[in-house]
């Protein structure tokens, strides 16, 4: 005789529950204790484990509201004939006596398993509602976590353990690498020697828009870093590997000459390109560049990588500038919309762990700066809270320094007009 699976009562005020997700399919063999389905009530969401073993049939569709105590599916023994849903097995009304020999199934709490199981290719990751909520709030891609529950089910504890290990391990653990060339976008119009722009960490090519308004007389080419903007989320093993990828993209532009501009991490990459492609660089502009000293605000990098909502992203974005009013709530929401993909945030976390381990710059380009032969300038805000502006003082005398009072880490946005005037004098 088939065993009915009923909608359990999980809180005192519950009258019905909604079947949100089935974790087994019609005809699957179910083992007692494994996650069977998720339910949602007016107060909470939770998973229900199988109280018996058997083969699942006649499951109600996902999204169905079912009164407590009513059947949602039936479990059949191996070889047992399966016909129409056995309506005669419906449970008694609440005021009817209970059947002693047929106790109602219970909804046990999630239980961690002893082993991990990765989902097969194309298989939807199994996860508890609590685990999914924790992953969403923590910016973790649930599909990339190996679960310890029954049949590889991701438990809340799996997500919590990953988050506890910090953003570096988080990125390395959940990052799904992609392949392909870096994204290159070009402006329309302009003549003469083109301008090539490389943005900073956790930014993208669109961040150059305020400065581009002052460079309309030149063709502008923007390169998106791996794991940023429209570029694929490549695995970055070192700064040298990242430089090689960006330099390959620069070489593929097939330019005789270019004015090269880089900001922050993009500044370090621009300096690296100029060091090995000096004859093709008409001028070099470094805006608050990385690579000239060990100091960097690792907490800000981690905060930006981890932020999964505008409320947590905003404070870190405002740390990038001296005048926080520049970063409006609408700007933060727009920035968060561009960072909604957990895999993008994980890719950037992995990159930060590689390039800025333990909140320290792992690349030193001071020797490259000393070797520079193209005309070069450094632009920096003296209220930069991300990278100390005093790193600029390590530049040789032939490199022009432009230090702005009352400006933070983003001069190209905070004082775009002044920076534009400087660039037009050379570009």
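Numbering (full-length UniProt numbering), first residue to last: 1 to 427. Just so it is clear, CB atoms sit at the ideal spot from N, CA and C, and this is done for glycine as well.
By alpha-carbon positions, which one of the options ends up nearest to residue i?
i	options	result
residue 285	36, 258 and 228	258
residue 386	334, 404 and 316	316
residue 32	16, 17 and 54	54
residue 197	349, 232, 180 and 264	264
residue 343	227, 266 and 297	227
residue 148	34, 349, 367 and 231	34
residue 71	414, 83, 422 and 57	57
residue 281	194, 237 and 199	194
residue 370	300, 417, 76 and 398	398
residue 200	229, 215 and 423	229
residue 209	2, 411 and 235	411
What residues in its chain sit with their C-beta under 7 Å from that of residue i, if we drop five residues either side in the sequence?
i	result
residue 132	142
residue 365	268, 271, 272, 291 and 292
residue 406	322 and 383
residue 206	none
residue 401	378, 392 and 395
residue 232	178, 179, 180 and 226
residue 415	404 and 407
With a threshold of 8 Å on Cβ separation, who are the neighbours of residue i within its own chain once the five nearest residues in sequence on each side are excluded?
i	result
residue 362	239, 354, 355 and 356
Alpha carbon to alpha carbon, how far is residue i from residue j?
i	j	result
residue 4	residue 330	52 Å
residue 359	residue 314	20 Å
residue 336	residue 160	23 Å
residue 17	residue 7	7 Å
residue 202	residue 409	13 Å
residue 288	residue 126	45 Å
residue 426	residue 283	8 Å
residue 9	residue 242	55 Å
residue 345	residue 352	10 Å
residue 420	residue 41	57 Å
residue 389	residue 404	10 Å
residue 36	residue 341	29 Å
residue 2	residue 237	56 Å
residue 418	residue 277	28 Å
residue 49	residue 309	32 Å
residue 253	residue 61	54 Å
In terms of DSSP beta bridges, what is residue i paired with?
i	result
residue 129	Paired residue(s): none; residue 129 is not in a bridge.
residue 380	403
residue 16	67
residue 38	21 and 47
residue 75	3 and 56
residue 29	55
residue 360	295
residue 222	185 and 197
residue 283	259
Give me, in chain order, the residues of the same chain whose beta-carbon lies closer than 6 Å to that of residue i; leave out the 5 immediate sequence neighbours on both sides.
i	result
residue 38	20, 21, 47 and 129
residue 246	269
residue 428	This structure gives no information on residue 428, because the portion of the chain shown stretches from 1 to 427.
residue 250	273
residue 135	142 and 159
residue 368	271 and 275
residue 65	16 and 18
residue 319	300 and 385
residue 85	58
residue 266	198, 199 and 200
residue 481	Here the chain has residues from 1 to 427 only, and residue 481 is not among them.
residue 52	3, 32 and 75
Can we say the segment 176–192 touches the segment 211–222, given the rule of at least three CB pairs closer than 8 Å?
yes
Touch check for the segment 297–305 and the segment 366–381: three-plus C-beta pairs under 8 Å?
no
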